[in-house]
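In mature numbering (1 follows the signal peptide of the UniProt record, and there is no 0), the protein residues as written are -20 to -1, 1 to 89.
Below, the structure written as C-alpha cells:
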C-alpha cells in the first residue's frame, strides 16, 4: 500500500484579487498602525460612489462597518477597536462596484 500526503490550500476571498475598476480617485490611510485602541481612517475621494469601509479579521469575518454614503471629499473617521482581539485585520474601502482600496491593519494587545 502506497502512502501519500494531500496538501490543501485555502484561499480567502476578501477582495484583493478583484479590486473594483473605478474612476474614483482615492487616498486611504490608517493611523496609527499598529493600533491598540482608537484607529483613525483618513479617506479622500472625488466621487459619490464610495459607500463605506468594512473591516475583516483573518478568517474573513466582518468585525466593523463604517457607512460613508453621500460623503465626498476628505473624511476622517475615528473608531474604537479596543474590543477586537490582537491580530491582523483588513480594511476595505467599498464603492457600488466593489472594493476600491484595501489596507492591512495590525491590532496590538
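Just so you know, even glycine gets a beta-carbon here, dropped at the ideal spot from N, CA and C.
Less than 7 angstroms between the C-beta atoms of residue i and residue j, yes or no?
{"i": "residue 18", "j": "residue 60", "result": "yes"}
{"i": "residue 13", "j": "residue 54", "result": "no"}
{"i": "residue 58", "j": "residue 20", "result": "yes"}
{"i": "residue 71", "j": "residue 39", "result": "no"}
Can you name, in chain order, every residue of its own chain whose Cβ lies under 6 angstroms from the Cβ of residue i, other than the five neighbours on each side?
{"i": "residue 9", "result": "22"}
{"i": "residue 48", "result": "30 and 32"}
{"i": "residue 46", "result": "32, 33 and 57"}
Sort out for me which residues DSSP pairs residue i with in a bridge.
{"i": "residue 40", "result": "According to DSSP, which records beta bridges pairwise, residue 40 is partnered with nothing at all."}
{"i": "residue 52", "result": "DSSP output for residue 52 lists no bridge partner at all."}
Using a Cβ-Cβ cutoff of less than 7 angstroms, which residues in the same chain neighbour residue i once the five nearest sequence positions on both sides are dropped?
{"i": "residue 93", "result": "In the structure as shown, the chain begins at -20 and stops at 89. Residue 93 is therefore absent and cannot be evaluated."}
{"i": "residue 37", "result": "43, 67 and 69"}
If contacts are defined as beta-carbon pairs under 8 angstroms, then residue i and residue j qualify, I think. What distance do you get, rounded to the angstrom?
{"i": "residue 31", "j": "residue 82", "result": "At roughly 15 angstroms, the Cβ-Cβ gap does not stay under 8 angstroms, so residue 31 and residue 82 are not in contact."}
{"i": "residue 64", "j": "residue 87", "result": "5 angstroms"}
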